[in-house]
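There are 2 protein chains.
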Amino acid sequence: MSLRYALIALLTGRPMTGYEVSKRFGASVGHVWHAPDSQIYPELRRLESEGLLTGEDVPWGTKARTKTRYAVTAAGEAAFREWMNSPASPHHSRDPAYLRAAYLDWADPMKARQYLLSQKQFHTERLVVLEATRAMLADRTHPVLAARLESIDEAEHERIIAFRTYAYDGMIARERADLKWVEDGLRLLAAND
Amino acid sequence: MSLRYALIALLTGRPMTGYEVSKRFGASVGHVWHAPDSQIYPELRRLESEGLLTGEDVPWGTKARTKTRYAVTAAGEAAFREWMNSPASPHHSRDPAYLRAAYLDWADPMKARQYLLSQKQFHTERLVVLEATRAMLADRTHPVLAARLESIDEAEHERIIAFRTYAYDGMIARERADLKWVEDGLRLLAAND
DNA sequence: CCAGTCATGTAAGATGTTACATGATTCC
DNA sequence: GGAATCATGTAACATCTTACATGACTGG
Chain A
0 MSLRYALIAL LTGRPMTGYE VSKRFGASVG HVWHAPDSQI YPELRRLESE
50 GLLTGEDVPW GTKARTKTRY AVTAAGEAAF REWMNSPASP HHSRDPAYLR
100 AAYLDWADPM KARQYLLSQK QFHTERLVVL EATRAMLADR THPVLAARLE
150 SIDEAEHERI IAFRTYAYDG MIARERADLK WVEDGLRLLA AND
Chain B
0 MSLRYALIAL LTGRPMTGYE VSKRFGASVG HVWHAPDSQI YPELRRLESE
50 GLLTGEDVPW GTKARTKTRY AVTAAGEAAF REWMNSPASP HHSRDPAYLR
100 AAYLDWADPM KARQYLLSQK QFHTERLVVL EATRAMLADR THPVLAARLE
150 SIDEAEHERI IAFRTYAYDG MIARERADLK WVEDGLRLLA AND
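Protein chains in written order, with numbering that gives the first Met the number 0: chain A, 0 to 192; chain B, 0 to 192.
Structure, rendered in C-alpha cells:
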C-alpha cells in the first residue's frame, strides 16, 4: 500500500515519465522505498485510472513516438495528505540478518565470516550514498527537491528540507548501528574460532 | 523464503505443535521473524511433505483427538545448514516510517505529533521486550534455548548463547537508534510549530 | 553502426495480509 | 457453566520477486 504513496510523493516534486520514476526508485526514493519496474509501471497506470495522477502523452524522438508524463492531481494530493494523517499500522520488520545472526553457530565459520564481511560492505556503501544524498538535500542541489521548492513559498523551504534530511538522518543512524553491529559480529567470530 | 528457515531454526530447539510454534512467533521468534497462523500451519505441512520435518500425531484430550508435533529431520538440519552457508541476497528494507518522515510537511502538525508519539511508544515497548528476552537468553532461562542446550555438548553452550544474544544486541541497538530518531523528530516538530 | 540509455511492460509464481471459521479442552 | 487456551486451518486478496520481452533513440 505504501508504493502508491511513495510514487505520489515523488511526483509532487515534479512530473515525470515512468522511466524517470523508475530511475529515481533506483536512487534517492529507492533508499526510502524500493520497487522494480514491473511494479512501477502498472501502479502508475492504476493511479491514473483512479484519478490520482494524470498521464500526459508527450512526443519523444523524431517519429510519432510518445512517452507518458505523470503528474499528481488535486485528488492525488488529497489522498496523499489523508494517508499522511492516518494512523500508521505497526510495522513488522522482517530482516533475515537477525535470523542468520541468531543461528550463526550452524554456519561454517569461514562462511559466517564471508557473510558478515559482505554485510559490512553493503552497509558501508549504503552509508556513503545516504550521506551524499542527505548533503544534496541540505544544500538544495538535489534535483527533485529543487524542483519542488520552486513551486512553493520560500518561507516553507527550511521546514521541508528539515523533514527530508530528517528522514535521511534516521536511515543513516540505522546504517551506522547496523554497521557497528556487523563489526561486533566479526569480533565475536574471531574470538570464538 | 526465510519463513521456512525460521520455522526449522525454532524447531531445532525442541519439537513443537503448530500451536506452540505459532505462540513462539508471537513472542521470541516473532522478534526476529513475524508470521501469522495462516502462514505457519500450511508451511509446516509443506516442510513435512518435503521431508524437512516429521509430524507425529500425539493424543490430546480424552477423546480420540490428536495434535501434530513437528520435529526437524536430518534433511531439515542439512537444509538449514545449507541456507546458513549460502550467500545472502541483498535485503531491501521497506520501512514506511522513512517515507512518512520525509514528507511530514504534508501532514497536519497535530497528526504528525500523534504519529511520532505512537512510534515512540511502539519502540519503547519493543525495547523492553527485547531486553527481557536477551536477559533470558544470557542467563539460560529462555525455555527453547534451555531445551536446545540439553541436547548439545556443554563446551558449545557459550558459543551458542553468544550468537543468540548477539542477534538481540543488533535488534536492541536498532530500536535504540530508532527511538532516538523519533525523539529527534518530536523536537523537530516542536521547533517548527 | 553499435553500445548505452530511454521507454514500457507481461507473466508466472512466491509471499504476506486480513478476515473469517470451528470446535475441543481445561481450569476456575 | 463460561472464559481462556489449545488446536487448526481456508479463502480472498494484495503485494513483491524474478524472469523475460521488445524496440526506438542518441551519442560517439
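Note that CB positions come from ideal geometry on N, CA and C, so glycine has one too.
Note that the coordinates shown come from a computational prediction; the quantities given were computed from them, not determined experimentally.
Practice prompt. Would you give the residue range spanned by the alpha helix (DSSP H) that B/E55 belongs to?
Written response: Note, B/E55: premise wrong, no alpha helix (DSSP H); beta strand (DSSP E) at L52 to P58.
Worksheet item: Closest to B/V181 by CA distance: which of B/I171, B/Y165 and B/H122 is it?
Response: B/H122
Worksheet item: For B/R68, which three-state DSSP category applies?
Response: strand
Practice prompt. State the Cα-Cα distance for the pair B/L2 and A/E157, rounded to the nearest angstrom.
Written response: 44 Å
Worksheet item: Do the region 76–86 of chain A and the region 0–17 of chain A touch if we need at least three Cβ pairs shorter than 8 Å?
Response: yes
Fill in: alpha helix (DSSP H) segment containing B/A34, residue limits
Where B/A34 is concerned, there is no enclosing alpha helix (DSSP H), given that its DSSP letter is neither H nor E.
Item to complete: Note down, in chain order, each residue of its chain lying with its Cβ closer than 8 Å to the Cβ of B/L115, except the 5 sequence neighbours on either side.
Response: V181, G184, L185 and L188
Worksheet item: With 8 Å set as the bound, which would you pick, yes or no: does the beta-carbon of B/F24 sit closer than that to a beta-carbon of chain A?
Response: no
Worksheet item: the region 63–80 of chain A: which residues have C-beta closer than 9 Å to a C-beta of chain B, in chain order?
Response: E76, F79 and R80
Worksheet item: Residues of chain A with CB under 7 Å from B/H90, in chain order?
Response: Those within 7 Å of B/H90 in chain A are D94, P95 and A96.
Discussion item. Contact defined as beta carbons within less than 8 Å: I believe A/L126 pairs with A/R175. What is the distance between those atoms, to the nearest angstrom?
Written reply: 7 Å
Worksheet item: Applying a beta-carbon distance threshold of less than 9 Å, which residues of chain A neighbour B/K119?
Response: Within chain A, no residue comes near B/K119; the closest Cβ sits about 12 Å away, beyond 9 Å.
Worksheet item: What three-state label does DSSP hand B/T140 in the structure shown?
Response: Looking at B/T140 - three-state DSSP - the assignment turns out to be coil, as it is neither helix nor strand.
Worksheet item: What are the start and end residues of the alpha helix (DSSP H) that includes B/P95?
Response: P95 to A101
Discussion item. Following a CB-centred definition, is B/N191 positioned closer than 7 Å to any heavy atom of the ligand GDP?
Written reply: Among the components modelled here there is no ligand, and therefore nothing to report on the ligand GDP.
Discussion item. I'd like to check one pair, B/G25 with B/A146: are the Cβ atoms closer than 8 Å?
Written reply: no
Discussion item. Quick check: what's the CA-CA separation for A/R93 versus B/H33?
Written reply: 7 Å
Discussion item. If the cut-off is 7 Å on Cβ atoms, which residues from the region 96–113 of chain A count as contacting chain B, listed in chain order?
Written reply: A96, Y97, L98, R99, A100, A101, Y102, L103, D104, W105, A106, D107 and K110
Item to complete: For A/R163, I'd like the list of residues in its chain whose CB is within less than 6 Å of its CB, leaving aside the five on either flank, ordered along the chain.
Response: L136
Discussion item. In the DSSP output, what is A/M15 paired with across the bridge?
Written reply: Its beta-bridge partners are A/Y69.
Worksheet item: Quick one: is B/G184 near chain A, going by C-beta distance under 8 Å?
Response: yes
Worksheet item: In chain B, what lies closer than 8 Å to A/L187 by C-beta?
Response: A161, F162 and Y165
Discussion item. Against A/R158, what residues of chain B qualify as contacts under a CB-to-CB distance less than 8 Å, listed in chain order?
Written reply: D104 and N191
Worksheet item: Which of the three DSSP states, helix, strand or coil, is assigned to B/I151?
Response: coil
Worksheet item: For A/M109, does the count of other Cβ atoms within 10 angstroms reach 16, so buried, or fall short, so exposed?
Response: Answer is exposed; the Cβ neighbour count stays below 16.
Fill in: Residue closest to B/P86, alpha-carbon to alpha-carbon, out of A/Y102, A/V71, A/A111 and A/A87
A/A111
Practice prompt. Compare the C-alpha of B/Q118 against each of A/S88, A/Q120, A/M0 and A/A190 and name the closest.
Written response: A/S88
Worksheet item: Is the shortest distance between the beta-carbon of B/M15 and the beta-carbons of chain A less than 8 Å?
Response: no
Fill in: Neighbour-count burial assignment, A/D177, 16 or more Cβ in a 10 Å radius
That one is buried.
Worksheet entry | A/T140 classed as buried or exposed, judged by whether at least 16 other C-beta atoms fall within 10 angstroms | exposed
Discussion item. Using the three-state DSSP reduction, which class does A/M0 fall into: helix, strand or coil?
Written reply: coil
Item to complete: Leaving out five residues on either side along the sequence, give the residues of the same chain with a beta carbon under 8 Å from the beta carbon of B/L46.
Response: Counting only Cβ-Cβ distances below 8 Å, and skipping sequence neighbours, we find R3, L6, I7, L52, Y69 and G75.
Item to complete: Work out the CA separation of B/D107 and A/E155 for me, nearest whole Å.
Response: 14 Å
Worksheet item: Which stretch, first to last residue, makes up the alpha helix (DSSP H) that contains B/E182?
Response: H156 to N191
Fill in: Simplified DSSP assignment, three categories, for B/T61
DSSP places B/T61 in coil when its eight states are reduced to three.
Item to complete: Alpha carbon to alpha carbon, how far is B/V31 from A/M170? Give it in angstroms, no decimals.
Response: 20 Å
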